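Okay, structure first, notes after.
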Amino acid sequence: MDAEFKRILQRLHVDLVNNTGDVQSVIDGLFSEEVFNQRMKRTIESKPSDIVRMNELLRILSTRPNEAMYSFYKVLVDADEEPLAGCLHKALSEINRAPVSDGTSPAGQSSSAGASMPLGPTGDQPDGNNDDDELPPNWPVKGAYDPMRFEVTVVKDPSMKEIFEKAIKGGNNIQVYPMYRKRRGILLLLNNDRFLLARKNKVDLSDRTGTNQDQLALDRLFKELGFRVVIERDRTAQQMLDDIKKQGDQSHSDYDCFACAVLSHGFSGGFYGVDGKKVSLEEFKSAVDGKNCESLFGKPKIFIIQACQGDDLDGGATHDGPGAAGDTGLEKPLQNFKFHAEPDSKRGVKADFFTAMATVPEYVSWRVPGSDTQFSGSWFVQAVVYVIHKLAHKYDLHALMTRVNHLVSKAETKHGYKQVCEQRHTMGSHFYFFPGLTKDS
């Protein structure tokens with residue numbers, strides 16, 4: 001755990017030790033979140049009193065990765081320790097605080113933890129009621145954003161349940177990927193924040209302060225959807241390739257699909273490791289294609305890429321591409337939304353991929369700043385999380401991502417800069433998340 005996270009634990013230590021009401025629930029929660037293993041759990045529980053147990057819990061917590069702090073926050077919320085959760089929420093937000101010279105700054109950069117859309121529980125929608133389809137008139141929506149508090153809307157509609165049942169049974173006439181296991185698959189989440197090594201290597205890439213909020217939201221979303229989330233932070237180009245190859249080398253026979261999210265600086269055709277070296281997106285994806293990972297052959301593989309694909313649009317801030325530590329680049333006209341259905345000749349081992357990118361080639365992606373106590377995030381990832389948590393119970397992935405693009409296209413910086421997303425796919429069937437449904441449900 002980095003020193004800044006340890007300092008939070010030190011600052012809140014007395015309050016956490018003296019005011020945590022249900023220590024056992026916190027212990028159990030951190031074990032469920034895989035922050036603690038069985039040995040750690042037993043060590044804490046062996047202590048003679050709640051105060052001593054909390055002391056030991058905080059000591060062990062400080063030895064865990066940075067992500068453990070966000071899991072700790074979630075556990076405090078779930079345990080109804082609201083005052084303590086609020087203090088931790090504020091402290092975690094302050095880590096991602098940085099000055100912003102423009103009204104909006106580009107994605108992944110040094111913007112203050114910011115205003116975002118509300119991701120609260122949506123509640124049940126009666127059949128035939130399309131109120132939940134009404135997307136916000138503007139984007140991003142200003143308001144409190146707590147990515148640990150939203151809930152994915154589950155499938156209730158009988159017609160969707162019928163599609164789900166038919167997808168399980170299969171057949172030549174059913175063009176829907178089966179998504180029925182309790183554990184849908186793995187989400188590999190690569191979050192590159194600090195680029196000091198790149199700058200040492202003479203590659204002008206700034207730190208991506210605030211990217212933790214996109215990580216937090218995606219982590220929560222995919223766990224709600226039934227995925228096991230594997231998070232790797234601040235990876236060099238080779239480590240990123242090793243991470244995806246590790247997934248390709250293991251068996252996914254017990255899963256329905258595979259997903260990967262990359263949060264980093266980018267360029268047209270790929271993204272950067274924290275060492276400033278480039279990773280080709282196509283090479284990266286090939287590690288889990290039908291040739292290199294037979295257990296994923298015929299199964300959907302979803303990639304979400306939050307990174308620029310080109311030059312800076314100068315809005316008084318920096319962006320997710322080379323030169324991001326400076327203030328270079330000129331405004332260029334924006335292209336229309338692009339959707340690529342790859343030709344049939346690319347089917348076979350390259351089939352069943354869906355890639356959603358924050359922006360089209362040659363253009364930048366943006367983020368929104370806000371108050372010091374609010375979570376921030378990129379326009380694109382915020383829209384992905386908002387749309388999927390709200391509408392995945394009734395639409396397939398193509399329809400969901402079209403709505404994501406619609407939301408992102410509404411956003412505009414103070415100086416009038418815009419952003420459009422891009423999708424590419426070699427999918428042979430419709431992909432539904434089917435939230436809340438399993439084969440045994």
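The opening position of the sequence shown corresponds to residue 1 in the UniProt record's numbering, with each subsequent residue numbered one higher.
Built from N, CA and C at the ideal position, the CB exists for glycine as well.
Here the structure is a predicted model, which is why all the values come from computation and not from measurement.
C-beta contact flag for residue i and residue j at 8 Å
i           : j      : result
residue 442 : Asp204 : What the structure shows of the chain is the stretch from 1 to 441, and residue 442 is not part of that stretch, so it cannot be assessed.
Pro178      : Ile168 : yes
Pro435      : Val141 : no
Leu263      : Val230 : no
Leu135      : Val381 : no
Ser378      : Asp242 : no
Phe353      : Ala392 : no
Leu30       : Val77  : no
Ala351      : Thr426 : yes
Phe195      : His89  : no
Cys260      : Phe222 : no
Close-in-space but distant-in-sequence residues of the same chain around residue i (CB under 8 Å, 5 per side omitted)
i      : result
Asp22  : Ala79, Asp80, Glu81
Ser280 : Gly269, Gly270
Thr236 : Leu197, Gly273, Val274, Asp275, Lys277
Thr63  : Met1
Gln175 : Gly428, Ser429, His430
Arg7   : none
Glu56  : Thr43, Ile44, Lys47
Gly86  : none
Val17  : Ile51, Met54, Asn55, Leu58
Gly170 : Pro178
His13  : Leu58
Same chain only: Cβ atoms within 6 Å of residue i, ignoring 5 sequence neighbours per side
i      : result
Glu224 : Val152
Ser71  : Glu33, Val35
His50  : It is worth fixing the name first, because residue 50 is Asp in this sequence and not His. So the qualifying residues of the chain are Val23.
Ile305 : Val262, Met357
Phe337 : A caution first: Phe337 carries a pLDDT of 33, below 50, which makes its placement in the model unreliable, though a value can still be read off. Closer than 6 Å at the Cβ level, and outside the excluded window around Phe337, lie Asn405, Val420.
Val349 : Asp289, Gly290, Lys291
Ile244 : Phe284, Ala287
Met401 : Ala356, Gln423
Close-in-space but distant-in-sequence residues of the same chain around residue i (CB under 7 Å, 5 per side omitted)
i      : result
Gly248 : Ala287, Val288, Asn292, Cys293
Thr20  : Val26, Met54, Glu81, Leu84
Asn201 : Asp275, Gly276
Asp28  : none
Pro126 : The pLDDT assigned to Pro126 is 35, lower than 50, so where the model puts this residue is not dependable, and the model offers no usable value.
Tyr395 : none
Leu9   : Leu58, Leu61, Ser62
Pro65  : Met1
Distance between beta carbons of residue j and residue i, contact taken as under 8 Å
i           : j      : result
Arg183      : Arg228 : 6 Å
Gln423      : Thr355 : 7 Å
Leu58       : Ala68  : Their Cβ separation, rounded to whole angstroms, is 11 Å, which puts Leu58 and Ala68 out of contact at 8 Å.
Trp139      : Val385 : Contact flag wrong, Cβ pair sits at about 13 Å.
Lys285      : Phe258 : At roughly 11 Å, the Cβ-Cβ gap does not stay under 8 Å, so Lys285 and Phe258 are not in contact.
Arg11       : Ala91  : 7 Å
Leu397      : Lys161 : Not quite, the Cβ-Cβ distance comes to about 18 Å (not below 8 Å), so this is no contact.
Tyr180      : Asp256 : 7 Å
Glu150      : His389 : Here residue 150 turns out to be Phe, not Glu, going by the sequence shown. With a Cβ gap of about 5 Å, Phe150 and His389 count as contacting.
Ser251      : Ser206 : The pair is not a contact, with the Cβ atoms about 39 Å apart (cut-off 8 Å).
residue 449 : Thr211 : Residue coverage of the chain in this structure runs from 1 to 441, which leaves residue 449 outside it and unanswerable.
DSSP three-state assignment for residue i, whether helix, strand or coil
i      : result
Gln175 : coil
His13  : helix
Arg7   : helix
Met357 : strand
Lys346 : Residue placement at Lys346 is poorly supported in this model, since its pLDDT is 42, which falls under 50; the coordinates are not used for a value here.
Ser378 : strand
Glu151 : coil
His425 : strand
His393 : coil
Asn18  : helix
beta-carbon residue i near the ligand GDP non-hydrogen atom, thresh 7 Å
i     : result
Ser49 : Of the ligands one can find in the structure shown there are none, so the ligand GDP has no counterpart to examine.
For this session: Starting from the N-terminal side, write out each stretch of the alpha helix (DSSP H) that is 4 residues or longer and does not extend beyond the segment 20-94.
Result: Taking only runs of at least 4 residues, the alpha helix (DSSP H) segments lying wholly in the segment 20-94 are 23-32, 38-45, 50-61, 67-78.
Problem set entry | Any alpha helix (DSSP H) of 4 or more consecutive residues that is wholly inside the UniProt domain "Caspase family p20" (183-312) | 196-200, 211-224, 237-249, 281-286
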